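Just below is one structure, and these are the notes that go with it.
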């Protein structure tokens, strides 16, 4: 057994959060168990080992001689060629504020029609070598999301809005009904920025989605813009984008995007509206 490989494996495991439900995982130093479906490993990689958490879950730890983005591109290319698909492809596309958090690692999830799922995590890159972990498991039918068709349909009306580079953006709730939809988020910047620049970042995205700007106002701590757009049935909608800088915290903002049909009063008032909080 290589002491150097054991030391590297111990460091990688110590750097990861412990899964509280695990009791005695099995650790294979420098080797793989027999896999139902082989997973690709870039040429020249060092296999540190495998942690077997149970009959349906294991983690493969690698040092890969590629930059982080190159390593992720390798897995996207090779897995798709082997009939895996990204898990994003399984979910209905929806708009609103995209969740985004600056991180020292990147990851992507894949699924196979055999029922297996694979999460590829690419962590620290040191001198052209990236830390990669492959989490392989089996998805039980109960793990599949039950989605509200009306929820998906309403949120597809909204463009997907991403934060400025390096900023984090997390949803904080919203509501939807037969004739209206709204979503809220918190934006946190790494560095202070001018409100006008932030407003332009978001309004540019709305304009690229084909929305027409009607009005707006920029104040010291707040800004808003009014819009209209048409849905796929050519029905006209009015929308408002609003942002507010949280007092004292110069790098945090509350964001809201809401839309309602132009002739909202003519809609059935008995239709329900749902609200959630993140």
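Numbering (the UniProt record's numbering), first residue to last: 1 to 278.
Every residue gets a Cβ at the ideal spot worked out from N, C-alpha and C, and that includes glycine.
Predicted model, so just to flag it, every value in this text is computed and none were measured.
query, result
"Is it right to say residue 255 is buried, meaning 16 or more other beta carbons lie within 10 angstroms of its own, or is it exposed?", "buried"
"Nearest to residue 54 by alpha carbon, out of 230, 33, 114, 62?", "33"
"Run through DSSP, which three-state label would residue 57 get?", "strand"
"When the Cα atoms are used, what is the spatial distance from residue 248 to residue 198?", "18 Å"
"For residue 219, does the three-state DSSP call read helix, strand or coil?", "coil"
"Closest Cβ-Cβ distance between residue 129 and chain C: below 8 Å?", "The structure shown contains no chain C; it is built from a single protein chain."
"Whole angstroms are fine: how far does the CA of residue 216 sit from the CA of residue 263?", "22 Å"
"Between which residues of its own chain and residue 185 is the CB-CB distance below 7 Å, once the five residues before and five after are set aside?", "97, 169, 170, 171, 172, 255"
"Are there three or more Cβ pairs, one per stretch, closer than 8 Å when the region 68-83 is compared with the region 119-134?", "yes"
"Could you tell me the distance, in whole angstroms, from the CA atom of residue 25 to the CA atom of residue 111?", "24 Å"
"Helix, strand or coil for residue 200 per DSSP?", "helix"
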